[in-house]
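Chemist: Each number in the numbering used here corresponds to the 1-based position in the sequence shown with 525 added.
Where is the CB? At the ideal position from N, CA and C, for every residue including glycine.
Have a look at the structure that comes next, please.
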Amino acid sequence: MNLADPGGERVAQIGMTLDVRDEKTAARLKTLMPVVRSRMLMLVSQRTSEELLKRDGKEKLADDVMIEVTRVLNPDAARAVDDEAPRARKPRASGPVRGVLFSSFIVQ
526 MNLADPGGER VAQIGMTLDV RDEKTAARLK TLMPVVRSRM LMLVSQRTSE ELLKRDGKEK
586 LADDVMIEVT RVLNPDAARA VDDEAPRARK PRASGPVRGV LFSSFIVQ
């Protein structure tokens, strides 16, 4: 996907695996995968290559992915996250998604 770099010449190909709480969540996530993929594309396309090439940029992306997937799976819980102060918005591992694992990460 294209990144937000000036000139639009940089692209990223990112493989992600979501570590979910249980099988029920995994099954629900499968039915919502088109929405989740769309949200992930939006998140990544807002980043620059400079952001994504740094460790903290990858960690921020993983946190944002967890928040977005929580919004898709449980909109009521996501509203509570939205109401928190920005520094307190770090996703909780007790939610439906326990982690985001990058299986591939290519920026060109």
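Do you know whose CA, among Arg546, Arg623, Ala587, lies nearest Arg564's CA?
Modeler: Walking along the sequence shown from the start, residue 564 turns up at place 39. Arg564 has its Cα closest to that of Ala587, out of Arg546, Arg623, Ala587.
Chemist: Return the first residue and the last residue of the beta strand (DSSP E) that Met541 is part of.
Modeler: Numbered from its first residue, the sequence shown carries residue 541 at position 16. First-last of the beta strand (DSSP E) with Met541: 537 to 545.
Chemist: Pick helix, strand or coil for Gly582, following the three-state DSSP scheme.
Modeler: Looking up residue 582 in the sequence shown gives position 57. Three-state DSSP puts Gly582 in a helix.
Chemist: Identify the continuous beta strand (DSSP E) that holds Arg677 and give its terminal residues.
Modeler: Nothing in the structure corresponds to residue 677, since the chain is present only between 526 and 633.
Chemist: So the candidates are Ser628, Leu578, Thr573, Lys579; which of them puts its Cα closest to the Cα of Gly532?
Modeler: Counting from 1 along the sequence shown, the entry for residue 532 is found at position 7. Nearest C-alpha to Gly532: Thr573.
Chemist: Are Asp544 and Gly624 closer than 8 Å when you measure CB to CB?
Modeler: Taking the sequence shown and counting its residues from 1, one reaches residue 544 at position 19. Taking the sequence shown and counting its residues from 1, one reaches residue 624 at position 99. Yes.
Chemist: Taking all protein chains shown into account, do 16 or more other C-beta atoms lie within 10 angstroms of the C-beta of Ala688, making it buried, or fewer, making it exposed?
Modeler: There is no way to answer for residue 688, as the model of the chain reaches only from 526 to 633.
Chemist: Do Arg553 and Leu626 have their beta-carbon atoms positioned less than 8 Å apart in this structure?
Modeler: Position 101 of the sequence shown, counted from the first residue, corresponds to residue 626. Position 28 of the sequence shown, counted from the first residue, corresponds to residue 553. Not closer than 8 Å, so no.
Chemist: Rounded to whole angstroms, what's the CA-CA distance from Leu568 to Arg546? Just pull it up for me.
Modeler: Indexing the sequence shown from 1 puts residue 568 at position 43. Indexing the sequence shown from 1 puts residue 546 at position 21. Roughly 23 Å separates the two Cα atoms.
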